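Residue numbers (our numbering): 453 to 544.
C-beta: ideal position from N, C-alpha, C; glycine also.
All values reported here derive from a predicted model rather than from experimental measurement.
Below is one structure, written out as C-alpha cells; the observations come after it.
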C-alpha cells in the first residue's frame with residue numbers, strides 16, 4: 453500500500469528495541485505490514501482540513517474532591533506488599 457519501503461534492518465531494529473525475537477520470515481512479514489501502516493498515514497495526509505467551531509466547550513464534568521482509600525484498603529487485594537507498598541515482579 454505504501455511507496456515507502458521498510459527494509460529488514462529497520463524491522464530488526466524495532467524488534468530489538470521492543471525486545472522481540474523475530475525469525476527471517478517474520479521480519480519480511482513485518483516489513484510489509486509496516487509499509488502498509490505508513491501507507492495509511494500517507495492517506496491521512498490527503499484528507500482535506502475542515503473548518504472547526506471557534507468556541508469549543510468542555511463537556512466533561514467538573515472535578516469533585518472525594519475521600520480516597522486508606523493505605524490499608526488500597527493494599528487489601530494486592531497479591532504482594534512490602535513495607536506498605538505494592539510489590540510487583542522484578543524486571544530485568
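Notebook entry, point to check: Using the C-alpha atoms, what's the distance from residue 510 back to residue 502?
Noted result: 20 Å
Next item on the list: Report the rounded CA-to-CA distance for residue 532 versus residue 465, giving the unit in angstroms.
Entry: 36 Å
Next item on the list: Compute the distance between the beta-carbons of residue 486 and residue 474, then report whether it is under 8 Å.
Entry: No. Outside cutoff.
Check: Can you tell me whether residue 472 is buried or exposed, with buried defined as 16 or more other CB within 10 angstroms of its CB?
Finding: exposed
Margin query: So if DSSP puts residue 534 in a beta bridge, which residue, or which two residues, is it bridged to?
Written below: 537
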